[in-house]
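**Student:** Quick one: this structure, given as structure tokens, is what I'll be asking you about.
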Amino acid sequence: MTEPNARFPHAMAPIQLGRLTVRNRIFVPAHTTNFGVDHLPSERHLAYHRERARGGVGAIIFESIRVQSNCLGRPQAVGGFTRDCIEPFSRLARAVQAEGAALLGQVIHLGRQVDGDFERTVSWGPSPVRWSATSAMPHAMTPDDMQTVIDGHVQTARNLIEAGLDGLEIQLGHGHLLQQFLSPLSNTRTDAFGGSLENRLRFPLAVVEAVRSALGPHACIGIRVSGDEFVEGGLHLDEVCAALAQLACAVPLDFVNVSHSAYHASYSLATQMADMAFDPQMFRHLPGAVRSALHAAGAPVPVLSVCRYDTLAEAEDMIARGQADMVGMARAHLAEPALVAKTLAGREDEIQPCIACNQGCAGMLEKNMPIRCVVNPRAGVEATWAEPAAVPTAQPLDVLVVGGGPAGLEAAWTAAARGHHVELWEAGDALGGQLQALQAMPSRARYLQLLEHQRRAVQRHGVTVRLGRRADAQAIVARRPDAVVLATGSLPVAPGLAGGGRVFGIEAALRDPVALGDAVAFADLTGEWASLSVVEHLADLGKRVTVYSPVAATFWRTTIYSTLATSRRLRDKGVRLAPLRRLQHWDGHALQVEDVSCGDVQTLTDVDAVVIAQYNLAADSLRAPLRAAGIRVLEAGDCLAPRTAMEAVYEGAGVAYSL
Ligand SMILES: Cc1cc2nc3c(=O)[nH]c(=O)nc-3n(C[C@H](O)[C@H](O)[C@H](O)COP(=O)(O)O)c2cc1C
Ligand code: SF4
1346 MTEPNARFPH
1356 AMAPIQLGRL
1366 TVRNRIFVPA
1376 HTTNFGVDHL
1386 PSERHLAYHR
1396 ERARGGVGAI
1406 IFESIRVQSN
1416 CLGRPQAVGG
1426 FTRDCIEPFS
1436 RLARAVQAEG
1446 AALLGQVIHL
1456 GRQVDGDFER
1466 TVSWGPSPVR
1476 WSATSAMPHA
1486 MTPDDMQTVI
1496 DGHVQTARNL
1506 IEAGLDGLEI
1516 QLGHGHLLQQ
1526 FLSPLSNTRT
1536 DAFGGSLENR
1546 LRFPLAVVEA
1556 VRSALGPHAC
1566 IGIRVSGDEF
1576 VEGGLHLDEV
1586 CAALAQLACA
1596 VPLDFVNVSH
1606 SAYHASYSLA
1616 TQMADMAFDP
1626 QMFRHLPGAV
1636 RSALHAAGAP
1646 VPVLSVCRYD
1656 TLAEAEDMIA
1666 RGQADMVGMA
1676 RAHLAEPALV
1686 AKTLAGREDE
1696 IQPCIACNQG
1706 CAGMLEKNMP
1716 IRCVVNPRAG
1726 VEATWAEPAA
1736 VPTAQPLDVL
1746 VVGGGPAGLE
1756 AAWTAAARGH
1766 HVELWEAGDA
1776 LGGQLQALQA
1786 MPSRARYLQL
1796 LEHQRRAVQR
1806 HGVTVRLGRR
1816 ADAQAIVARR
1826 PDAVVLATGS
1836 LPVAPGLAGG
1846 GRVFGIEAAL
1856 RDPVALGDAV
1866 AFADLTGEWA
1876 SLSVVEHLAD
1886 LGKRVTVYSP
1896 VAATFWRTTI
1906 YSTLATSRRL
1916 RDKGVRLAPL
1926 RRLQHWDGHA
1936 LQVEDVSCGD
1946 VQTLTDVDAV
1956 VIAQYNLAAD
1966 SLRAPLRAAG
1976 IRVLEAGDCL
1986 APRTAMEAVY
1996 EGAGVAYSL
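Terminal number for the sequence shown in this note's numbering: 2004, no gaps in between.
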């Protein structure tokens, strides 16, 4: 067998970022967790990052640390501009460093993205240009405002270094304030800070210069940039390379972290956390081009690459080919904190793979809630739920899990890993529950990796699986397990409309798309990912789909970080969106659609089929008889109320920890 490090000689080699030695080339990029308390790093942060440091990465870049109160934006945002941050940051740094990883902090002013409602301040930007149609109009910054931002960066940088962090990343990317100055889309100034590239670079350069001069030549200071904004009229790679060459020659930098995108309410934003619909190859040329430009300018600074890296093999390839010096994996580590360690130990099949769904991480970020992960229910609750095997039960129980969907599978393997004797009954002939429907949709196939991971875990931990075993209360009572976990899911409700024409549910539409004909009226009553996935799939099959939703939005329970790209794809595929519409009557020939804003009704005759996406009903009929028989009953997932795989997995883990 080859030595693990011999498999990844480049990715596992140490690297110098200025005077900082990092043990290997894999890092966790900054990602806002919303775990902050009183604008300070919390115990939750500590447990979260310690686990990822222990998992083998070389460095962790702590999430966006605000340099001023006017860009806090939300209660959980972390600030670095007051001295009370020093103590909690010191504890965090010590915890990460004790595991052998370096801790850097990302310092940031968000500029126009912050609408100011939280601190009741005006939003700041280079020019009065909003980032989206729903956002606040920013105040065009004066030279005094710019000095305040420079001072905020310097103060924050000093505090973080005093706290013992190993270095800093100044945020010049992702469309935050400094990129807003750099980008012609957001900077329309006519003074010395607008117009030519040199002028647009002036303020970001002044910030970086001030931080370098305050911290001295030995501190590890890098920047994060967007190699491309992926929006017409915005920054593109050649201009970014030219700006970086100027910047790196003017101020010594210890690394350049190349991401992409801008906070721009368009496709651009969706590229930042590209979901499973993106081909990651579209980002891979960016770091190499920046690296070449820096080398050509005589500033051969280490270049970091990010976005949709899943494995050390991919990182090894990028670094070996000279396209990057380090590779970042944010969501891959949210999903699997021990990605590096498990890979090096040859335990790849135990890795919980990030499925690039954006449901738990980006979805919660958008809601200003603590981030979660669909495949890793422990993300963000590491201090409460240790690895299952690390909290073995003192009293092994005979546990019967009823239902082999995501909730039942998670409950089964987690309970078994804790030492319980677990048997799982599944009525169907395969595991996976509703996730199996994804097999019909190639564009969502990556979701099935969750199922694969759960299946492997169930097998690894010795769960006895009985397929085709339909549970009834009598059989369970006769078996008398110590505890029953009900994960029986939910059942579709037959959809219907006045008029009596045939109406398909989404399962039926997926099963027999030919029966739908060509023109499909799709009423979405849920706003969920399932609807979005089926609509896109039907469009991929060449159908003309119109999506009717009763509210003023479409797919309203999915995240903007994905839907800004999906809406572009749906448009390209000819899908029509009709918000504020309710289907009223369908006789198989004519469809009546009500405009709910005014009550007008339109009759459509160019419709072949009607599909209605609606919530299932909880399959909870076993609960009462089992409880009446004195059986200990726990429940997880849709049998409580129909929701998504994220809630199912989390609740499945929860019941297993409670046993
Ligand atoms: C939940 C979440 C929060 C993020 N917050 C930040 C942030 O605070 N600062 C930043 O520069 N990038 C942030 N990012 C972007 C990541 O650093 C990274 O560039 C992106 O997720 C793509 O890398 P990945 O595919 O490895 O996740 C965030 C990403 C996610 C998923
Ligand atoms: S929620 Fe989805 S995209 Fe986010 S880290 Fe988890 S698996 Fe990956």
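All residues carry an ideal CB built from backbone N, CA and C; glycine is no exception. Since we're looking at a predicted model, the values are computed, not measured.
Over what stretch of residues does the beta strand (DSSP E) that includes Tyr1671 continue unbroken?
**Tutor:** Residue 1671 is actually Met in this sequence, not Tyr. 1671-1673 is the span of the beta strand (DSSP E), which, as asked, contains Met1671.
**Student:** Among Glu1996, Pro1733, Leu1971, which residue has its Cα nearest to the Cα of Gly1764?
**Tutor:** Pro1733
**Student:** Grab me the residues of Glu1507's own chain with a C-beta within less than 6 Å of its C-beta, minus the 5 sequence neighbours each way, in chain order.
**Tutor:** So the list reads Ile1431, once near-sequence residues are dropped.
**Student:** Whose C-beta lies closer than 8 Å to the C-beta of Trp1874 among residues of the same chain, with five residues either side of it excluded?
**Tutor:** Cys1702, Gln1704, Phe1900, Arg1902, Thr1903, Thr1989
**Student:** Smallest Cα separation from Ala1392: which of Phe1372, Asn1379, Ala1440?
**Tutor:** The shortest Cα separation from Ala1392 among Phe1372, Asn1379, Ala1440 belongs to Ala1440.
**Student:** Curious, which full-length alpha helix (DSSP H) runs of at least 4 residues does the stretch 1674-1739 contain?
**Tutor:** Listed in chain order, the alpha helix (DSSP H) elements of length 4 or more contained wholly in the stretch 1674-1739 are 1676-1680, 1684-1689, 1706-1711.
**Student:** Which residues have a Cβ closer than 6 Å to any heavy atom of ligand 2, listed in chain order?
**Tutor:** Per the Cβ criterion, the list is Arg1676, Leu1679, Ala1680, Cys1699, Ile1700, Ala1701, Cys1702, Asn1703, Gln1704, Gly1705, Cys1706, Cys1718, Val1719, Val1720.
**Student:** Between the beta-carbon of Leu1831 and the beta-carbon of Leu1861, is there less than 9 Å?
**Tutor:** Result no, Cβ atoms of Leu1831 and Leu1861 do not sit closer than 9 Å.
**Student:** So for Arg1988, helix, strand or coil by DSSP?
**Tutor:** coil
**Student:** Taking the CB atoms as reference points, tell me whether Cys1594 and Gly1667 lie closer together than 9 Å.
**Tutor:** no
**Student:** If I measure Cβ to Cβ from Ile1405 and keep anything under 8 Å in the same chain, skipping five residues before and after, which residues do I get?
**Tutor:** Phe1372, Val1373, His1394, Arg1397, Ala1398, Val1441, Ala1446, Ala1447, Leu1448, Leu1449
**Student:** So, for Leu1842: in the same chain, excluding its five sequence neighbours on each side, which residues have a beta-carbon less than 8 Å away from its beta-carbon?
**Tutor:** Val1848, Leu1928, Gln1929, His1930, Trp1931, Val1955, Ile1957
**Student:** Just to confirm the assignment: which complete beta strand (DSSP E) runs, minimum length 3, are found wholly within the stretch 1565-1599?
**Tutor:** Fully enclosed beta strand (DSSP E) runs of 3 or longer: 1566-1571.
**Student:** With DSSP run on the structure shown, which of helix, strand or coil describes Pro1858?
**Tutor:** helix
**Student:** So does Glu1408 have its beta carbon nearer than 8 Å to some heavy atom of ligand 1?
**Tutor:** yes
**Student:** Pop quiz: Pro1483 and Gly1470 are said to be a contact at Cβ under 8 Å. What is the actual Cβ separation, rounded to whole angstroms?
**Tutor:** 3 Å
**Student:** Verify whether the separation of the beta carbon atoms of Thr1466 and Val1412 is less than 9 Å.
**Tutor:** no
**Student:** Could you pull out every unbroken beta strand (DSSP E) segment of at least 3 residues lying fully inside the stretch 1948-1991, listed in chain order?
**Tutor:** 1954-1958, 1978-1980
**Student:** Is any heavy atom in ligand 1 found nearer than 8 Å to the beta carbon of Ser1604?
**Tutor:** yes
**Student:** Using 9 Å as the threshold, is the C-beta distance between Leu1513 and Leu1522 below it?
**Tutor:** no
**Student:** I'd like to know if the stretch 1762-1776 and the stretch 1853-1867 are in contact, where contact means that at least 3 CB-CB pairs between them fall below 8 Å.
**Tutor:** no
**Student:** Can you grab the Cα-Cα spacing for the pair Asn1713 / Val1920, in whole Å?
**Tutor:** In this structure, the alpha-carbon of Asn1713 lies about 30 Å from that of Val1920.
**Student:** CA-CA distance, Gln1781 and Ile1821?
**Tutor:** 26 Å
**Student:** Are Phe1628 and Ser1650 touching if we call contact CB-CB under 9 Å?
**Tutor:** It is a contact, given that the beta carbons lie within the stated cut-off.
**Student:** Heavy atom of ligand 1 less than 8 Å from the Cβ of Gln1784, yes or no?
**Tutor:** no
**Student:** Using a 10 Å radius around the Cβ and a threshold of 16 neighbouring Cβ atoms, would you call Thr1688 buried or exposed?
**Tutor:** With a threshold of 16 other beta carbon atoms within 10 Å, Thr1688 meets it and is buried.
**Student:** Check whether the Cβ of Gly1673 lies closer than 8 Å to any heavy atom of ligand 1, and answer yes or no.
**Tutor:** yes
**Student:** To the nearest angstrom, how far is the alpha carbon of Gln1361 from that of Phe1600?
**Tutor:** 10 Å
**Student:** Assuming Val1459 contacts Ser1468 under a Cβ cut-off of 8 Å, what Cβ separation, rounded to an integer in Å, is found between them?
**Tutor:** 6 Å
**Student:** What are the boundary residues of the alpha helix (DSSP H) that Tyr1612 is part of?
**Tutor:** 1612-1617
**Student:** Does the stretch 1752-1763 touch the stretch 1992-2000, meaning 3 or more C-beta pairs lie closer than 8 Å?
**Tutor:** In short, these stretches touch, since the Cβ pair count reaches three.
**Student:** In terms of residue numbering, what span does the alpha helix (DSSP H) encompassing Gly1749 cover?
**Tutor:** Note, Gly1749: premise wrong, no alpha helix (DSSP H); not H, not E.
**Student:** I'd like the span of the beta strand (DSSP E) that includes Pro1924, first residue to last.
**Tutor:** 1921-1924
**Student:** For Tyr1960 and Thr1891, which I take to be in contact (beta-carbon distance under 8 Å), what is that distance rounded to the nearest angstrom?
**Tutor:** Contact doesn't hold; Cβ gap of about 21 Å is too wide.
**Student:** Just mark Thr1319 as buried or exposed, buried being the case when its beta carbon has 16 or more other beta carbons within 10 Å.
**Tutor:** The question about residue 1319 has no answer here: the residues shown for the chain are numbered 1346 through 2004.
**Student:** Determine the burial state of Arg1926: buried for a count of at least 16 other Cβ atoms within 10 Å of its Cβ, exposed for fewer.
**Tutor:** buried
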